[in-house]
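Chemist:
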Amino acid sequence: MRMLRTVAITCLAALALVGCSMPTPVSNVSAEDLAGTGWELQHWQQRNGGAYPLMPGGNGGPISIRFSRDGAANILSGSAGCNRYRGGYTLGGGYLQVLPAATTRMACLSPERAKLEQDYLNVLANATTLTRERDPGRDLDTLTLASSEGDELLFVRVLGGEAPEPGSVGSTVGQ
């Protein structure tokens, strides 16, 4: 009996710890709000607190994400730096889940660019929440994607094909 009680207490303690480590649902957008919007990555805050260096140029363009609908399916697509990707997602109850995405298979010219692309796709696959902030006074619309590992990606909405200059987002990302 004593052994059974010890096992039960241990199990309850483990469940409490797992429950405490679950991310708090903070997504403040819906799939309907995102449909038809495009975003460009401006800042990457790594789980260790440092900024991930985003490399422009090379054989790739900026990292981007676009949300759309195909019938009842929510689709996200974009550029991971060198390659394009496309996959599905669900957004509900405050949580984001990105479904496995297909990518093109172009080689990145530099190993650093290839690593950036792979790291981005890993963060995207582990995304848990999206938050959107609008600052009409500065005509700025940002989207922050957070992963279960603690990385945060700050995207700026692309209007008319042009994203704002990175310097105009500085105070938003705490640089």
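Read in order, the letters of the sequence shown correspond to residues -23 to -1, 1 to 152 in mature numbering (1 follows the signal peptide of the UniProt record, and there is no 0).
Cβ coordinates follow ideal geometry from the N, Cα and C atoms, glycine included.
1) Would you call the CB atoms of Gly55 and Arg43 closer than 8 Å?
2) Terminal residues of the continuous alpha helix (DSSP H) containing Gly100?
3) Give every residue of the same chain whose Cβ lies closer than 7 Å to the Cβ of Glu89, excluding the five residues on either side of it in the sequence, and list them in chain order.
4) Is the distance from the Cβ of Gly58 to the Cβ of Leu86 below 8 Å?
5) At the level of alpha carbons, what is the spacing between Thr106 and Asn51?
6) Hey, how far is the Cα of Pro30 from the Cα of Gly70?
7) What is the rounded straight-line gap between the Cα of Gln23 and the Cα of Ala102?
8) Going by DSSP, what residue range makes up the beta strand (DSSP E) through Glu17?
9) Straight-line CA distance for Arg134 to Val6?
10) Spatial neighbours of Ser(-3) within its chain, please: C-beta separation below 7 Å, excluding the five flanking residues on both sides.
11) Count the other CB atoms, across all protein chains shown, that sit within 10 Å of the CB of Thr81; report buried if there are 16 or more and exposed otherwise.
12) Mapping the DSSP letters down to three states, classify Ala50 as helix, strand or coil.
13) Among all the DSSP beta bridges, which residues are the ones paired with Ser124?
14) Is the beta carbon of Val100 closer than 8 Å to that of Leu130?
15) Taking Cβ to Cβ, would you say Gly64 is nearer than 8 Å to Ala79?
16) Please identify the residue among Leu98, Ala28, Gly48 and Leu73 whose C-alpha is closest to the C-alpha of Asn60.
17) Tell me where the beta strand (DSSP E) around Leu11 begins and ends.
Modeler: Straight from the coordinates:
1) Contact flag set, yes.
2) Checking the displayed sequence, the identity of residue 100 turns out to be Val instead of Gly. Val100: member of the alpha helix (DSSP H) spanning Pro88 to Ala102, first to last residue.
3) Hits under 7 Å: Met32.
4) Between Gly58 and Leu86, the gap from beta carbon to beta carbon reaches 8 Å or more.
5) Near 15 Å, if we compare the C-alpha coordinates of Asn51 and Thr106.
6) Each residue's Cα considered, the two are about 32 Å apart.
7) Looking at the backbone, the Cα of Gln23 and that of Ala102 are separated by about 15 Å.
8) Counted as a single uninterrupted DSSP element, the beta strand (DSSP E) harbouring Glu17 occupies residues Thr14 to Gln22.
9) In this structure, the alpha-carbon of Arg134 lies about 14 Å from that of Val6.
10) A caution first: Ser(-3) carries a pLDDT of 44, below 50, which makes its placement in the model unreliable, though a value can still be read off. Nothing listed; no residue qualifies.
11) By the 16-neighbour rule on beta-carbons within 10 angstroms, Thr81 is exposed.
12) Correct three-state label for Ala50: strand.
13) Residue pairing by DSSP places Ser124 opposite Ala104 in a beta bridge.
14) Less than 8 Å divides the Cβ of Leu130 from the Cβ of Val100.
15) Yes, the Cβ-Cβ distance between Gly64 and Ala79 is below 8 Å.
16) The shortest Cα separation from Asn60 among Leu98, Ala28, Gly48 and Leu73 belongs to Leu98.
17) No beta strand (DSSP E) contains Leu11, which is instead part of the alpha helix (DSSP H) from Ala8 to Leu11.
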